[in-house]
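Quick notes on the structure that follows.
Chains as they are written, first to last, in the numbering used here: chain A, 76 to 377; chain B, 241 to 895.
Structure, rendered in structure tokens:
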């Protein structure tokens, strides 16, 4: 339960911290931290415009997308505690549930009949399919080291596997950042602040969403950031710590993650679209690097 | 089970030759229902072994074990539902086709069902091969329904030839075992494998049954035959008939006693290739039914991955892996026979309504055909293994098996398992690509060609799909029941341990999935409630799609099937061959003028495995044909030369 609430809490501030970091980095004062949340609340209260081309799919997709993330959050524990629901293979469920949300958003984008949105949908599918193996290698390595197959059990056991597990934890935390950046359509695969539809991925998919549905989409995206910071925190926070320190450490990790995202977006340019598949393959390579490190740690390869 | 009853039932539809076209359907459906009712009741009543006479010159033993039972249930379900569907699908053909043609078609539908039931119940070699052949011929007749089309005729003949190559390989497998053991049939395999090196015989069977199942590179008949056949036939063939190949393979695997590692590795390697290649090819297609046909190949790959991992689990003596992987494979057989016929029916409905299967000409069907479209979308989600549908359950079992057994393995097994899990994840992502394309291009968006004439299809075509949908949701939401039901089949694999302590974690997982799926549905309901409430008081407007400042938007500017696949093609060049035939605009072409663009895709394996060898064979045969001059004098000369040669050879005592 703590995990669930902490994810929501992190999601509450996350976009604001990113925006603030970016504005400070570019020499502006920037909006208040909770401004993105207020934007979402405002959107939820607004009316909507629906394209005449769209069908019921377009209307239900944002709702189901949010429900997917809210359900996926149920299996994520906090710092060695228990998740609300935990079962063998729940991380597979987690990954496939996010894929379900993505599938619906993709077909909703195609539902508008816009060539721009079709382009965004196409890119999103391609990038998502290249990221998925990286996530599974990572979870495979963690399952191998701990002998467990659920988030709760893996994170309970992960930090006690060996002295060097922190090393692997740090490597995987980096990988989680990179995966989160792709999942949330951030730099360097996608640039949320670009003005040109031709260079967008996620933003162009939701061009036609407005009002309540757009609010849900922003909410989903913030929650996803919360989910990934929680995953990262689970890899780094030792379960043996006192609960107060764990909360503090989680705060540091979540804020640090947001600041890193903000800084990355301030100082990095987006990849050329054609180079993105290669970039995404490096994610798999990092996962495989983790595998080799784990094999060495477990003395399977000398 | 009384075989003579089944066979006489199969002759009942011959009545159709004397009936009017309208009554034929009733006869076919009635016969199928009788066969289905009879076999299911008998199978439930007699989950044991007993024999009955089939041929006058020998006895064929009929045996119903859990595996047969599972297949009998699936065969009857798919065959009856596809026949119900055919009532609507064949309606436009009622005028084109004459009475006998329709009667043959109806009879072949019954023959396919009866022969498949016999395939899964007969163990004795000759009897099995006879009904196997009957099944091939029945499906051949069904594929050839539109034989007046040149393409269909070609595809049908190619199918027939390839199936007979498979037949020969299966026969060879039986013969090799017979020579050593003296028993011709599946019963002899067990004692053969106990004493001999089983790999060559296993390979013979794998090739033979693999041709039916569609393992790469033996799949080349499949993507051609399915689009050529009428949709209810494609549904039955893809839903259950290609699984007969898996059935035969399972019978062979059940008889294995050792060499699990080799068998597992062969199965796993071929299946991983089959899975990835099948789904990548599915993405490239623009024909809706070809997408489904290639996706069948992918699903056969997933079943094979489960089987291969199960055998590797037996080798490394990790019962959990074997249990989960076998359970996943068996459940995926069931799952695929639920969603694949449903998708083929959907594609058939699209064809009936629009007269095209080319996705580049479709779009926006959801407004005209809401039921068909929603059913197709749900089927697509199920086949992409997305929760809370049934495809997810079987893949989850395989995944859990892989991750569960990772701890404490040697380097080789670790790498094997991690690679398999990565590739399975990749297959999942690619399936999302293929089906988001199929759904998004064909059913959503703006119509690329006028669809004013398009109407929702009749109830005959929709009801079978809803029945299959019920099955999909039942397995997806209550997987514990499904796992318990398939357990007796899993227990038939050699050395599989289905004890409670191994089973309990699986059942815990599946019951958690029920709860979390219900939570998911609850979340959707709550958010919808809020959405409704919030949107009550605010203005909801409609307008055109935002064109990003460009106001001359038209439907042809949308993404098409070809352009959607382009991004993937650019990174998977060696796997797929796409041809584009167009003249690019010259630099001086300031004003647009009429031009043409043609695109298609070639199956790399088809060229390698069937086209090239056949062409080479034809070349050799053509050279030999120099002798065939057509002059009688020459033939008399050949005979004379032959006699002289014999005389000379005898004189020198060479023969």
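Glycine residues also receive a C-beta, built at the ideal position from the N, C-alpha and C atoms.
Leaving out five residues on either side along the sequence, give the residues of the same chain with a beta carbon under 7 angstroms from the beta carbon of residue 399 of chain B.
-> Position 159 of the second chain, counting from 1, holds the residue named residue 399 of chain B. The answer, listed in chain order, is 380, 383, 461, 465.
Euclidean distance between Cα positions of residue 258 of chain B and residue 265 of chain B = Looking up residue 258 of chain B in the second chain gives position 18. Looking up residue 265 of chain B in the second chain gives position 25. Between residue 258 of chain B and residue 265 of chain B, the C-alpha separation is close to 13 angstroms.
Proximity of residue 195 of chain A and residue 256 of chain A at Cβ, strictly below 8 angstroms | On the first chain, position 120 is the one that residue 195 of chain A refers to. On the first chain, position 181 is the one that residue 256 of chain A refers to. No.
Using a Cβ-Cβ cut-off of 7 angstroms (strictly less than) and excluding sequence neighbours within five positions of residue 896 of chain B, which residues of its own chain qualify?
-> The structure shown has nothing for residue 896 of chain B, since chain B only spans 241 to 895.
If you draw a straight line from the C-alpha of residue 807 of chain B to the C-alpha of residue 675 of chain B, how long is it?
-> As a working mapping, residue 807 of chain B is identified with position 567 in the second chain. As a working mapping, residue 675 of chain B is identified with position 435 in the second chain. Distance between the alpha carbons of residue 807 of chain B and residue 675 of chain B: 15 angstroms.
Tell me the start and end of each unbroken alpha helix (DSSP H) in the region 578-628 of chain B that is at least 4 residues and wholly inside, in chain order.
-> DSSP runs (the alpha helix (DSSP H)) wholly in the region 578-628 of chain B: 605-608, 610-623.
Just checking, does the region 811-829 of chain B make contact with the region 787-796 of chain B on the three C-beta pairs under 8 angstroms criterion?
-> Contact between the region 811-829 of chain B and the region 787-796 of chain B is absent: fewer than three C-beta pairs spanning the two stretches fall below 8 angstroms.
Would the beta-carbon of residue 453 of chain B fall within 8 angstroms of that of residue 489 of chain B?
-> Locating residue 453 of chain B in the second chain gives position 213, where the first residue counts as 1. Locating residue 489 of chain B in the second chain gives position 249, where the first residue counts as 1. Contact: yes.
7 angstroms CB neighbourhood of residue 802 of chain B in its chain, flanking five on each side removed | For the purposes of this step, residue 802 of chain B is identified with residue 562 of the second chain, where counting begins at 1. Cβ neighbours of residue 802 of chain B beyond the five flanking positions: 526, 600, 839.
Check the Cβ of residue 662 of chain B against every Cβ in chain A and list those closer than 7 angstroms, keeping chain order.
-> The sequence position of residue 662 of chain B within the second chain is 422, counting from 1. Correct list: 208, 211, 212.
Counting contacts by CB-CB distance shorter than 8 angstroms, is residue 80 of chain A in contact with chain B?
-> Taking the first residue of the first chain as position 1, residue 80 of chain A is located at position 5. Look at residue 80 of chain A: its C-beta is not under 8 angstroms from any C-beta on chain B.
Use the C-beta contact count for residue 298 of chain B: other C-beta atoms within 10 angstroms, 16 or more gives buried, fewer gives exposed.
-> As a position in the second chain, residue 298 of chain B is number 58, starting the count at 1. In this predicted model, residue 298 of chain B has a pLDDT of only 39, less than 50, meaning its place in the structure is not dependable; the value taken from the coordinates is given anyway. That one is exposed.
For residue 425 of chain B, which beta-bridge partners are listed by DSSP?
-> If you number the second chain from 1, residue 425 of chain B lands on position 185. Bridge partners of residue 425 of chain B: B/364.
In three-state DSSP terms, what is residue 827 of chain B?
-> Locating residue 827 of chain B in the second chain gives position 587, counting from the first residue. DSSP places residue 827 of chain B in coil when its eight states are reduced to three.
Relative to chain B, which residues along the region 143-174 of chain A have a C-beta separation below 7 angstroms, given in chain order?
-> Of all residues in the region 143-174 of chain A, 145, 146, 149, 160, 162, 163, 164, 167, 168, 171, 172, 174 have a Cβ within less than 7 angstroms of some Cβ in chain B.
Listed in chain order, which residues of the region 114-130 of chain A have Cβ atoms closer than 7 angstroms to some Cβ of chain B?
-> Those residues of the region 114-130 of chain A that come within reach of chain B (Cβ to Cβ, closer than 7 angstroms) are 119, 120, 121, 122, 123, 124, 125, 126, 127, 128, 130.
Do the region 221-235 of chain A and the region 205-212 of chain A make contact, defined as three or more Cβ pairs closer than 8 angstroms?
-> Contact between the region 221-235 of chain A and the region 205-212 of chain A is absent, with fewer than three C-beta pairs closer than 8 angstroms.
Selection of the region 702-722 of chain B by Cβ proximity to chain A, strictly under 8 angstroms = Result list empty, no residue passes.
What are the start and end residues of the alpha helix (DSSP H) that includes residue 781 of chain B?
-> Walking along the second chain from the start, residue 781 of chain B turns up at place 541. DSSP places residue 781 of chain B outside any alpha helix (DSSP H); the residue lies instead in the beta strand (DSSP E), whose first and last residues are 780-783.
So what does residue 837 of chain B bridge to, in DSSP terms?
-> Residue 837 of chain B sits at position 597 when you count from the first residue of the second chain. Paired residue(s): B/822.
Would you kindly check if the distance between the Cβ of residue 538 of chain B and the Cβ of residue 519 of chain B is under 8 angstroms?
-> As a position in the second chain, residue 519 of chain B is number 279, starting the count at 1. As a position in the second chain, residue 538 of chain B is number 298, starting the count at 1. For the 8 angstroms CB-CB criterion, residue 519 of chain B and residue 538 of chain B form a contact.
Residue 233 of chain A to residue 648 of chain B, Cα distance in whole Å?
-> Residue mapping note: residue 233 of chain A aligns to position 158 of the first chain, counting from 1. Residue mapping note: residue 648 of chain B aligns to position 408 of the second chain, counting from 1. Taking the straight line from one Cα to the other gives about 15 angstroms.
Indicate the three-state DSSP secondary structure (helix, strand or coil) for residue 895 of chain B in the structure shown.
-> Counting from one through the second chain, the residue named residue 895 of chain B turns up at place 655. In the structure shown, residue 895 of chain B falls within a coil segment according to DSSP collapsed to helix, strand and coil.
Can you tell me the Cα-Cα spacing of residue 296 of chain B and residue 244 of chain B, whole angstroms?
-> Indexing the second chain from 1 puts residue 296 of chain B at position 56. Indexing the second chain from 1 puts residue 244 of chain B at position 4. Because the pLDDT at residue 296 of chain B is just 32, under 50, the model does not fix this residue reliably, and the value given afterwards should be weighed accordingly. Taking the CA atoms as reference points, residue 296 of chain B sits about 12 angstroms from residue 244 of chain B.
Drop a sphere of 10 angstroms on the beta-carbon of residue 192 of chain A, count the other beta-carbons inside from all chains shown, and report buried for 16 or more, exposed for fewer.
-> Mapped onto the first chain, residue 192 of chain A falls at position 117. Residue 192 of chain A should be labelled buried.
With 16 other CB atoms within 10 Å as the buried threshold, where does residue 258 of chain A fall?
-> Within the first chain, residue 258 of chain A is the residue found at index 183, counting from 1. Classification of residue 258 of chain A: buried, given that the 10 Å Cβ count is 16 or more.
Indicate whether at least one CB of chain A lies closer than 8 angstroms to the CB of residue 365 of chain B.
-> As a first step, residue 365 of chain B is located in the second chain; it is residue number 125 there, counting from the start. So, not an interface residue.
So what does residue 123 of chain A bridge to, in DSSP terms?
-> Along the first chain, one-based indexing puts residue 123 of chain A at 48. In the DSSP output, where bridge partners are listed per residue, residue 123 of chain A has B/780.
Give a yes or no on whether the C-beta atoms belonging to residue 590 of chain B and residue 528 of chain B are separated by under 8 angstroms.
-> Here residue 590 of chain B refers to the residue found at position 350 of the second chain. Here residue 528 of chain B refers to the residue found at position 288 of the second chain. In this structure, residue 528 of chain B lies closer than 8 angstroms to residue 590 of chain B by Cβ.
Please compile the residues from chain B whose C-beta is within a distance smaller than 8 angstroms of the C-beta of residue 218 of chain A.
-> Working through the first chain from its first residue, we reach residue 218 of chain A at position 143. Per Cβ cutoff of 8 angstroms: 643, 644, 646, 647.
Could you give the C-beta distance for residue 701 of chain B and residue 325 of chain B, rounded to a whole number, given that I count them as a contact under 8 angstroms?
-> Translated into the one-based positions of the second chain, residue 701 of chain B becomes position 461. Translated into the one-based positions of the second chain, residue 325 of chain B becomes position 85. At roughly 5 angstroms, the Cβ-Cβ gap stays under 8 angstroms, so residue 701 of chain B and residue 325 of chain B are in contact.
Cβ separation of residue 366 of chain A and residue 216 of chain A, assumed to be a contact under 8 angstroms, to the nearest whole Å = For the purposes of this step, residue 366 of chain A is taken as the residue at position 291 of the first chain. For the purposes of this step, residue 216 of chain A is taken as the residue at position 141 of the first chain. Yes, residue 366 of chain A and residue 216 of chain A are in contact; Cβ-Cβ is about 5 angstroms, under 8 angstroms.
Kindly give me the distance between the Cβ atoms of residue 615 of chain B and residue 709 of chain B, rounded to whole angstroms, as I take these residues to be in contact under 8 angstroms.
-> By 1-based counting over the second chain, the position of residue 615 of chain B is 375. By 1-based counting over the second chain, the position of residue 709 of chain B is 469. Confirmed, about 6 angstroms.
Rounded C-alpha distance that separates residue 200 of chain A from residue 335 of chain A = Taking the first chain and counting its residues from 1, the one referred to as residue 200 of chain A is at position 125. Taking the first chain and counting its residues from 1, the one referred to as residue 335 of chain A is at position 260. Computed Cα separation, rounded: 26 angstroms.
In the structure shown, what three-state DSSP assignment does residue 456 of chain B receive?
-> Numbered from its first residue, the second chain carries residue 456 of chain B at position 216. Coil, per DSSP.
Counting contacts by CB-CB distance shorter than 8 angstroms, is residue 292 of chain B in contact with chain A?
-> Against the second chain, residue 292 of chain B aligns to sequence position 52. Only weak support is given to the placement of residue 292 of chain B: the predicted model assigns it a pLDDT of 41, under 50, and the value that follows is read from those uncertain coordinates. No, its Cβ sits nowhere closer than 8 angstroms to a Cβ of chain A.
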